[in-house]
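Presented below is the structure to which this report refers.
There are 2 protein chains.
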Amino acid sequence: MVMSLQTVPDLDLESALKALASERRLLILAWLKDVETNFPPQEHGDPVEHGACNNFIGDKLGVSQPAVSRHMKVLEDADLVISSRRKGWVYYRRNEAALASLATRISEI
Amino acid sequence: MVMSLQTVPDLDLESALKALASERRLLILAWLKDVETNFPPQEHGDPVEHGACNNFIGDKLGVSQPAVSRHMKVLEDADLVISSRRKGWVYYRRNEAALASLATRISEI
DNA sequence: GAACGACTTAACGGATTAGTTATATGGTCA
DNA sequence: TGACCATATAACTAATCCGTTAAGTCGTTC
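As structure tokens, then:
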């Protein structure tokens, strides 16, 4: 797949908007802006490089683990976060390129 | 209520996102960018000043009249469109200030 | 290889959303 | 005033969303 430096052409506007249209998921994205501040220290997975792990997000969100899993799947399916698996944990970080592209697309609505 | 020239401070991000997270409503907003091109001529209500009337939007959308009414209510409740009543018809136009403000808010997510 | 732990999937229930048709409501105009 | 017409509301149904608990999967680690 080819993409330019500025945009993420195959970003699905409607699914991205649906993913954002949730207070909990907006919270998660806000927390992921500063993983070191918003989450406890992690043994594996650098907070800046890999993000925060599913488990910690769930603790902070105050919902069950399956609920977090699904929220993160919605965000990942919409390409707004990127996951990486390390030593049994799943870490999520923001997809800044897609988020920037989404903002541009919305400015054209 | 005081608002600056640039932003709409009381814009409810979540309800605006929920309002946008619908293919039909995205279509409506796109059509309202150019009412003269996208809708038949109207007797009352200037297309540029007042927008398009509920009835025409429904025809174009291909759903029942109550369905349009509710879509427009969602958009209006989210402050993304502005309605004006004239001679029994309701016209809707885009709220460009709110849409611009929303784009800014989303660029900060 | 067996136990453990993080995550996923399944199954269920309640709330919301989106469509329909039928029925008000209410302003316009003869 | 009375008929008409655009819109709004009501009532209902189907689909989706979001939470839960329980069970399954799979890699880690001892």
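Sequence lines, in order, name chains U and V. Numbering follows the working numbering, with no gaps: position 90 of the first sequence is 83. Numbering follows the working numbering, with no gaps: position 35 of the second sequence is 28. Heads up, the beta-carbon is just placed ideally off N, CA and C, and yes, glycines get one too.
Of all residues in the region 5 to 27 of chain U, the ones placed with a Cβ closer than 8 Å to any Cβ belonging to chain V are L6, E7, L10, K11, L13, A14, S15, E16, L19, L22, A23, in chain order.
One finds L13, L19, L22, A23, L92, A96 in chain V with Cβ atoms closer than 8 Å to the Cβ of U:I102, taken in chain order. Per DSSP, reduced to three states, the secondary structure at U:V41 is coil, with no helix or strand assignment. According to DSSP, U:R63 shares a beta bridge with no other residue. Between V:L20 and V:L73, the C-beta gap is not smaller than 9 Å, which leaves the two residues out of contact. U:S76 and U:V83 have their C-alpha atoms roughly 7 Å apart.
Under DSSP, V:S76 takes part in a beta bridge, and its partners are V:Y85. Rounded to whole angstroms, the separation of the alpha carbons of V:R86 and U:G81 is 52 Å. The region 3 to 14 of chain V makes contact with the region 58 to 72 of chain V; the number of CB pairs closer than 8 Å reaches 3 or more.
Taking C-beta separations shorter than 6 Å and ignoring five residues to either side along the sequence, V:G55 has no partners in its chain. Of all residues in the region 59 to 81 of chain U, none comes within less than 8 Å of chain V when Cβ atoms are compared.
Apart from the 5 residues on each side of it in sequence, U:L95 sits with its Cβ closer than 7 Å to the Cβ of L4, A9 in its chain, given in chain order.
Under the DSSP assignment, V:E7 falls in the alpha helix (DSSP H) whose first and last residues are 6 to 13.
At least 9 Å separates the CB of U:I50 from every CB of chain V.
Contact between U:L25 and U:R98 is absent: CB atoms are separated by about 21 Å, not below the 8 Å threshold. Cα atoms of V:P33 and V:K53: separation of roughly 10 Å, rounded to the nearest angstrom.
U:M65 is the residue among U:Q58, U:H37, U:M65, U:N47 whose C-alpha sits nearest the C-alpha of U:R18.
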